[in-house]
Structure formats: structure tokens, C-alpha cells
């Protein structure tokens with residue numbers, strides 16, 4: 445079918461133009477449309493998919509990054525076998541990613557929902573509170589890592605200073621202690637993630653039909669029952685988006701731990717292991733690419749589930 449568009453409806457009595465007249469696209473229109481589609485597609489292909497496919501291919505090879513790529517040798521499945529069986533940081537990193545996901549899902553996300561519900565009640569200064577809680581979302585995780593390094597510093601950090609132990613033998617080394625630095629990093633991540641979730645749910649709450657709340661109140665439901673039984677199920681699309689975002693945030697957490705200690709000493713994550721094997725002395729691009737491929741496959745699971753759910757809804761319409 446030929447792509448057309450509708451021209452402006454003519455005023456009564458205007459000659460030569462009929463109401464609802466369809467005009468074929470000109471050559472210049474097709475050129476503009478072609479560029480609008482081709483340029484983003486080309487950028488996506490060059491910056492995302494080609495590197496991803498190259499990483500998958502490299503995961504079956506062996507190369508130290510020195511010299512020409514012609515020095516790459518075939519390794520078969522040996523890189524994956526090494527990662528899963530003989531690479532000590534791998535399984536601790538998997539465990540840390542699971543803990544990261546559980547913390548975001550059970551603490552950071554509910555905190556964001558709570559903030560959204562409270563701010564939706566139009567408290568005095570709601571706009572100010574929204575701006576304060578949303579501010580971390582506008583910052584990169586690298587910058588958030590730097591900010592929280594200042595809070596956690598054992599010499600001049602805010603927390604130790606408030607406790608009166610900064611610079612003393614009793615000061616708490618939040619980021620250097622491998623027993624607590626993961627939890628300290630998760631608090632910093634929550635500072636950002638909760639604000640993100642808050643904004644999503646605030647937008648969802650604004651779109652809820654007020655008559656649903658009124659009907660629930662007439663049936664004798666309290667605030668908690670109204671939210672869990674009526675409002676929360678209605679916001680199912682928002683819930684799905686938040687679940688996908690939470691999973692992806694847990695898997696791609698890199699900037700924060702890399703700023704703190706380059707993802708070592710208790711902060712091993714899969715994304716950090718990828719970087720450790722792709723740069724520095726003793727780098728092994730094959731091993732790093734194998735870990736990156738594993739991370740890619742895990743990340744595709746929530747993305748595919750979300751897209752399939754979305755397309756099923758579109759087909760049902």
C-alpha cells in the first residue's frame with residue numbers, strides 16, 4: 445500500500461481542496477523518512493550489535509590483545525570451561541549479583557514505591573521532595589560512587605564524623621572492609637534506584653482512575669487494602685517495567701563498584717570481571733568475552749520476556 449498522509453481540511457467554500465484528501469509522499473519525504481530510520485539503525489548496529497557479536501566470537505578464541513587480531517587462536521569451549529570451573533572470582537561474582545538483585549527488589553524498589561505513594565497524597569512541599577529524591581537519578585553511577593566515597597571515608601567521611609570516630613583506630617572502613625563494602629555499595633545504589641522507581645510509580649498513580657479508590661473506600665477498604673488489592677494490580681504495565689529495570693540494574697552494576705575498588709576485595713561483580721580481563725597486565729580477551737557473553741545471555745532473559753509480553757498485548761488489541 446502506498447504511504448500517504450492527510451492534508452489540512454479545507455474551510456467551507458475553499459475551492460480545489462476536498463475534506464480528507466490524501467496526498468502521496470514526495471521524493472524528499474521518502475528521503476527524510478529513510479534517513480530517520482537508517483541513521484539510528486546504523487548507530488545501533490555499529491555501537492551495539494557488532495561489538496556484541498564480536499565479543500561472542502572472541503569468547504571462542506584466545507588473544508592477549510597484543511599485536512594484530514590475526515594472532516587470535518581458536519580455543520573452542522575452553523574459555524567457558526575455565527570460567528565455570530577454574531576461575532576463582534566467577535562464582536563469588538554471581539553470588540554478589542544475586543545479592544544485588546535481591547537487595548534492589550526487596551528494599552530499594554519497595555522504598556521507591558513507598559515514596560511514590562506518600563508523595564501522591566499531595567503533602568506540603570511535594571514538588572520539593574520529588575526534586576530531592578529524583579536528583580540522584582540524574583547523576584551517573586560513577587559520580588554517585590565518588591559522592592558516597594566521601595560519605596564512607598574513614599578519615600573525613602560524614603558517617604564516621606557523626607559517630608565521632610573519624611581518623612581514629614576505631615573508624616569504620618566501609619569500602620575497604622570486604623565484609624561490609626558490598627552492603628555499603630548497595631546503600632549507594634539504593635539512593636539512585638529508589639528515586640527512579642518513585643518517578644515511574646508516581647506517573648502510574650496519576651493515571652489511576654479516582655473512582656476505583658472511591659469504590660474501594662465505599663466497600664470499607666483501608667489505605668493498605670486499597671493499594672494492594674486495587675491500585676497495584678491496575679498498574680501492571682508499570683510493575684513489569686520496574687521488574688525489568690531492576691533486573692538489568694543488578695546485572696549491569698559496574699560504574700559504582702569500579703569507582704570504589706575496581707570490583708575487587710568483596711565487590712566482585714560479573715561486569716567488573718569483564719573489565720578486569722579486558723585491560724591491564726595479563727589480560728585475556730577470550731575469558732573476558734566469555735564472561736561478557738554469559739552476562740549478555742542472562743540479561744536477554746528479562747528483556748525477551750518483557751518484549752514478548754508487550755507484543756502479545758499488541759496482537760490481542
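Numbering (the working numbering), first residue to last: 445 to 761. Note that beta-carbon positions come from the ideal geometry of N, C-alpha and C, so glycine has one too. As the structure is a prediction and not an experimental result, all values here were calculated from the model.
Quick check on residue 734: buried or exposed, where buried means 16 or more other Cβ atoms within 10 Å of its Cβ? Burial of residue 734 is indicated by the presence of at least 16 other C-beta atoms within 10 angstroms of its C-beta.
Burial state of residue 481, where buried means 16 or more other Cβ atoms lie within 10 Å: Exposed: under 16 other Cβ atoms inside 10 Å.
Just the C-alpha distance for residue 468 and residue 478, rounded to the nearest angstrom, thanks. In a straight line, the C-alpha of residue 468 is about 16 Å away from that of residue 478.
Can you pull the DSSP bridge partners for residue 506? Answer is 517, bridged to residue 506.
Under the assumption that residue 520 contacts residue 534 (Cβ atoms under 8 Å), give the Cβ distance between them as a whole number of angstroms. In this structure, residue 520 and residue 534 do not form a Cβ contact; the two beta carbons are roughly 19 Å apart against a cut-off of 8 Å.
Can you round the beta-carbon distance between residue 701 and residue 527 to whole angstroms, since I take them to be within the 8 Å contact cut? That pair is no contact at about 19 Å.
Status (buried if at least 16 other CB within 10 Å, exposed otherwise) for residue 544: Residue 544 sits buried, since 16 or more C-beta atoms from the chains shown fall within 10 Å of its C-beta.
How many whole angstroms separate the CB atoms of residue 665 and residue 673, which I take to be in contact at a CB cut-off of 8 Å? About 7 Å separates the two Cβ atoms, so the contact holds.
Cβ distance (whole Å) where residue 638 is taken to contact residue 555 below 8 Å: The pair is a contact, with the Cβ atoms about 4 Å apart (cut-off 8 Å).
Taking its Cβ as the centre, do 16 or more other Cβ atoms sit within 10 Å of residue 716, making it buried, or is it exposed? Looking at its Cβ environment, which holds 16 or more other Cβ atoms inside 10 Å, residue 716 is buried.
Assigned secondary structure, residue 530 (DSSP; H/G/I helix, E/B strand, else coil): It is coil, neither helix nor strand.
Decide if the stretch 604-624 is in contact with the stretch 681-692; the criterion is three or more beta carbon pairs, one per stretch, under 8 Å apart. The stretch 604-624 is not in contact with the stretch 681-692.
Is it buried or exposed for residue 474, if we count other Cβ within 10 angstroms and need 16 for buried? By the neighbour-count rule (16 or more Cβ atoms within 10 Å), residue 474 is not buried but exposed.
Kindly indicate which residue of 630, 563, 557 has the alpha-carbon position closest to the one of residue 693. Nearest in C-alpha terms to residue 693, of all of 630, 563, 557, is 630.
Apply the 10 Å Cβ neighbour rule to residue 636 and answer buried if 16 or more other Cβ atoms are within range, or exposed otherwise. With 16 or more other CB atoms across the displayed protein chains lying within 10 angstroms of its CB, residue 636 is buried.
Do residue 557 and residue 640 have their beta-carbon atoms positioned less than 7 Å apart in this structure? It is not a contact, given that the beta carbons lie outside the stated cut-off.
With 16 other CB atoms within 10 Å as the buried threshold, where does residue 490 fall? Classification for residue 490: exposed.
Just to check my reading of the structure: residue 496 and residue 740 have Cβ atoms closer than 8 Å, yes? What is that Cβ distance to the nearest angstrom? Indeed, because the Cβ distance is near 6 Å, the residues count as touching under 8 Å.
Nearest-angstrom Cα distance between residue 563 and residue 652? Those two C-alpha atoms are separated by around 15 Å.
Tell me the residue span of the alpha helix (DSSP H) that contains residue 660. For residue 660, the enclosing alpha helix (DSSP H) starts and ends at 654-662.
To which residues of the same chain is residue 750 closer than 7 Å at the C-beta, ignoring the five residues directly before and after it? 684, 688.
Quick check on residue 746: does DSSP put it in helix, strand or coil? Helix, per DSSP.
Could you give the residue range of the alpha helix (DSSP H) that holds residue 696? DSSP places residue 696 outside any alpha helix (DSSP H), giving it a letter other than H or E.
Rounded to the nearest angstrom, how far is the Cβ of residue 537 from that of residue 714, given a contact under 8 Å? Right, the Cβ-Cβ distance comes to about 5 Å (below 8 Å), so this counts as a contact.
For a quick check, are the C-beta atoms of residue 598 and residue 615 less than 7 Å apart? Result yes, Cβ atoms of residue 598 and residue 615 sit closer than 7 Å.
Which residues mark the beginning and the end of the alpha helix (DSSP H) in which residue 671 is found? Premise fails: residue 671 is in no alpha helix (DSSP H) and is neither H nor E.
Alpha carbon to alpha carbon, what distance is there between residue 566 and residue 553? So the alpha carbons of these two residues sit roughly 21 Å apart.
Provide the residue span of the alpha helix (DSSP H) that contains residue 637, from first to last. DSSP places residue 637 in the uninterrupted alpha helix (DSSP H) bounded by 625-650.
To which residues of the same chain is residue 611 closer than 6 Å at the C-beta, ignoring the five residues directly before and after it? Correct list, in chain order: 599.
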